[in-house]
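Protein chains: 2
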Amino acid sequence: MQYINGGVCAPKGFKASGIHCGIRKNKTKRDLALIVSDCKASAAAIYTLNLVKGAPIYVTKDNISDGFAQAMVCNSGNANTCNADGVEIATKMCEITAKAAGIDAKDVIVASTGVIGQPLDITPIADGMPQLVSELSYDNSINAAEAIMTTDTVKKEFAVNFTLGGKECKMGGIAKGSGMIHPNMATMLVFITTDAAISSELLHKALYSDAQKSFNMISIDGDTSTNDMVSVMANGMAGNEIITEENEDFEVFTKALAMITEKLCRAIAKDGEGATKLVECFVSGGKDWHTAKTVAKSVICSSLFKAAMFGADANWGRVLCAIGYSGADVDVTKIDVSFTSEKGTIEVCKDGAGIPFSEEKAKEILLCDEIKVNVNLKDGNADAVARGCDLTYDYVKINGDYRT
Amino acid sequence: MQYINGGVCAPKGFKASGIHCGIRKNKTKRDLALIVSDCKASAAAIYTLNLVKGAPIYVTKDNISDGFAQAMVCNSGNANTCNADGVEIATKMCEITAKAAGIDAKDVIVASTGVIGQPLDITPIADGMPQLVSELSYDNSINAAEAIMTTDTVKKEFAVNFTLGGKECKMGGIAKGSGMIHPNMATMLVFITTDAAISSELLHKALYSDAQKSFNMISIDGDTSTNDMVSVMANGMAGNEIITEENEDFEVFTKALAMITEKLCRAIAKDGEGATKLVECFVSGGKDWHTAKTVAKSVICSSLFKAAMFGADANWGRVLCAIGYSGADVDVTKIDVSFTSEKGTIEVCKDGAGIPFSEEKAKEILLCDEIKVNVNLKDGNADAVARGCDLTYDYVKINGDYRT
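As you go down the protein sequences, you meet chains P and L in turn.
Mapping of the first sequence onto the numbering used here: position 11 corresponds to residue 1384, and the numbering continues sequentially without gaps.
Mapping of the second sequence onto the numbering used here: position 302 corresponds to residue 1675, and the numbering continues sequentially without gaps.
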């Protein structure tokens, strides 16, 4: 099992494209993405738990209620959320896509991302659809990955290969992240494709279970988006025996999925709005997964800790503070804390109290662009990882004037 | 009942002082505060729920377990938290204070605020105590208010007068706020004095009940401090009949307390770290207090909403987003949102969807330094107010390098 190129087009039978259709004013920014499978695929998705949901969420839920889909269409620049005609517009997006691609409108997964509460004009989407479909190709994941970006600064696409019953299978994914990222059951927008054959039920089970340890453990800013969705299509074109139970093949499939989602999560966290670095909190020694998870997420979500990481300040007091208010049942007098990066590891807190350390060495470690904060609760064997980024001037700049 | 001058020295029989003793390197910053009552006073306090608690919290809890106190001593520049010898040092602070002031060490409320995890040296406190006591005066609240400041930019002191059974009573309070402010049961550091006579039990009841609607509804950055404490001493020198039950006098007393705490809360929120403006979320039409409170706090805590307020951007989608993920059970299709400042009011969202509004007028309103965001849930009669501030470049700057 290893990483390969090709993104969502790496698996057999998936074409993709991405164009500028005019939703965004900036003509150099693609704003409409399409992924189409050569045949109907098992489909599954998980969604935001925000009570305010983007209209596309409702339409996608309905469309894949039968467990199948054949295309994913997504615009950036407008979330189609809190609009009176939202569901109507999202439904039209599916119809226009289906007609142009020669598939059933009920087999379209639809998504929108961007500003909330501004009516989404269907005209540029309708006008751009012929070009979008004509540019579909088996080697064009990159344009789709670009078209779903909002304040993202880098495109996020990954693929892996794996073997099921002697058949080579592939899986690919693209994501948009950046801001309003604090997933709860689902997250930002992620589209995953695979040519492995798997039933819709098992596909959903694999996706849901993976998300608890991947997407649901990221936080950029504590804000759970209205439009979060992770969707996956499995078209079976690899020719493996279809996975319909939790057997060895299912294990292999979930490992491949975890390889994709971990890469996407790290990329999303590192490219958080205004971020200068990826920050990961590795918690070990928890008495159970819930405790370890709660501690890891509380540290990653702390504005004070995030600002300290921006300043490369080994302010471990803020780590302990965030653990203390997390709600997790821990013995704070047992906690060890250290920081790790490519420059090494430095221990800063033992048994809940400070220990002498070299500020110079700590600075050197924390000036790197990928930081791990290691928390050992010394109370059991459970561990968890949460991912986020630092809090910077640019986060404030980007969000101080996002709409205008 | 009206606001008067004098802070914690406004009530009869309270002296205060504040000096630079050397905990802080900057010699122009006072770092040690003392408030002493001429006689023993009923005392009550509420504390942070953070599992990591400053050592002074434990010592104060023990000292006022009998319901009485006579002095409050507080240093800034060091939180005396996560130190192996913390309780020992906090106990010594009480002993040194008591000896110099001629009172019982068990009658001292002790507090510390500043950086976590650095041993607190007792030497400058011991050396400074003679000066601190010699400068005690009935008209020196201002120096005590200054000495408890950390990253605060303005001192926070208020006082009111009121009448109980024909006797004039007074109440005063000082606070430090700024960062790591997201109180849970208690908050930052607040010291309140009154010359009204009230039993310790009723004093605690009044304080606890008030905090639910005042201090517990502030958030600067979502981080619940390790050292939060609100304490109050009532020395009875006004000569009113002691309040021992929830009668009319108790009502008057709680009103006076609410007048002090509301002023302190608004001052703390407006002076949040890096803040350029006070932001208050007024929620009405909630089906119950819990719902209204949850909605108000979620809006005030949203980093995206706070950044939008900094940019004077009427991005009401972020208000709806924060309501949607708050966990409150609301009908999002009923919600109205408007913004108010001294420049007027502008409605931006009706029944959960956007309405046309003048961006120019919205900008004018949001450029003021005190903003109200009004949320009507149209689902009942409960209301709630939460207070916070905007998220700014300076918040990041202050916290990117706090220790060094």
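In this text, a Cβ means the ideal position worked out from N, Cα and C, and glycines have one as well.
Since L:Val1705 and L:Met1682 are thought to touch, with beta carbons under 8 Å apart, how far apart are those beta carbons, to the nearest angstrom? Not confirmed; about 21 Å, so no contact.
What does DSSP give as the partner residues of P:Ile1744 in its beta bridges? P:Val1652
Whole-angstrom distance between P:Ala1687 and P:Ala1570, CA atom to CA atom: 48 Å
Beta carbon of L:Tyr1768 nearer than 9 Å to that of L:Gly1684: no
Would DSSP call L:Val1721 helix, strand or coil? strand
Let me confirm a value: L:Thr1401 is counted as buried when at least 16 other C-beta atoms fall within 10 Å, else exposed. Which label applies? exposed
Which residue or residues does DSSP assign as beta-bridge partners of P:Asn1448? P:Leu1405 and P:Ser1485
Status (buried if at least 16 other CB within 10 Å, exposed otherwise) for L:Gln1585: exposed
Pull up the CB-CB distance for L:Ala1389 and L:Ile1408, whole angstroms please, since I reckon it's below 8 Å. 5 Å
Tell me, please, whether the CB atom of P:Val1769 is closer than 9 Å to any CB atom in chain L? yes
Consult DSSP for L:Ala1757 and reduce its assignment to one of helix, strand or coil. strand
From this set, P:Gly1450, P:Ile1593 and P:Ala1474, which residue's C-alpha is nearest P:Gly1490's C-alpha? P:Gly1450
Selected residue, minimal CA-CA separation from P:Asp1774, among L:Thr1765, L:Ile1515 and L:Glu1461: L:Thr1765
Tell me, please, whether the CB atom of L:Val1703 is closer than 9 Å to any CB atom in chain P? yes
Helix, strand or coil, according to DSSP, for P:Ala1352 in the structure here? With chain P represented from 1374 up to 1777, any question about residue 1352 of chain P goes unanswered, as that position is not in the structure.
What's the C-alpha gap between L:Gly1545 and L:Ile1565? 6 Å
Please name the residue, chosen from P:Gly1697, P:Lys1543 and P:Asn1516, that lies closest to P:Met1374 on a Cα-to-Cα basis. P:Lys1543
Could you check what DSSP says for P:Asn1513 in three-state terms: helix, strand or coil? coil
Test: P:Lys1636 CB closer than 9 Å to a CB of chain L: no
Cβ contact check for the segment 1497-1504 of chain P and the segment 1586-1603 of chain P: 3 or more pairs under 8 Å: no
Relative to the C-alpha of L:Thr1599, which residue among L:Ala1484, L:Gln1443 and L:Ile1469 is closest? L:Ala1484
Assuming P:Thr1676 and L:Asp1596 make a contact with CB atoms under 8 Å, what is their CB distance in whole Å? Contrary to the premise, residue 1676 of chain P reads as Ser rather than Thr in this sequence. Indeed, because the Cβ distance is near 6 Å, the residues count as touching under 8 Å.
Would you report the Cα separation of P:Val1381 and P:Tyr1511, rounded to the nearest angstrom? 9 Å
Cβ of L:Thr1627 less than 9 Å from any chain P Cβ? no
Establish whether the CB of P:Ala1457 and some CB of chain L are separated by less than 9 Å. yes
Backbone CA spacing between L:Ala1755 and L:Asp1742 [nearest angstrom]: 27 Å
Collapsed DSSP secondary structure at L:Gln1491 in the structure displayed: coil
Is L:Ile1469 helix, strand or coil when you go by DSSP? helix
Apart from the five residues on each side of it in sequence, which residues of its chain come closer than 6 Å, Cβ to Cβ, to P:Gly1391? Arg1403, Ala1406, Asn1516, Ala1517, Glu1519 and Ala1520
Helix or strand or just coil, what does DSSP make of P:Gly1440? coil
For P:Ala1559, count neighbouring C-beta atoms within 10 Å of its own C-beta (all shown protein chains included) and say buried if the count is 16 or more, exposed if not. Residue placement at P:Ala1559 is poorly supported in this model, since its pLDDT is 39, which falls under 50; the coordinates are not used for a value here.
What would DSSP say about P:Gly1391, mapped onto helix, strand or coil? strand
Could you give the C-beta distance for P:Thr1454 and P:Val1481, rounded to a whole number, given that I count them as a contact under 8 Å? Going by Cβ atoms, the distance from P:Thr1454 to P:Val1481 rounds to 19 Å, so no, they are not a contact pair.
Use the C-beta contact count for P:Asp1439: other C-beta atoms within 10 angstroms, 16 or more gives buried, fewer gives exposed. exposed
Identify each residue in the segment 1672-1698 of chain P for which the Cβ-Cβ distance to at least one residue of chain L is less than 9 Å, and report them in chain order. Cys1674, Ser1675, Ser1676, Leu1677, Phe1678, Lys1679, Ala1680, Ala1681, Met1682, Phe1683, Gly1684, Ala1685, Asp1686, Ala1687, Asn1688, Trp1689, Gly1690, Arg1691, Leu1693, Cys1694, Ala1695, Ile1696, Gly1697 and Tyr1698
Simplified DSSP state of P:Glu1541, which is helix, strand or coil: strand
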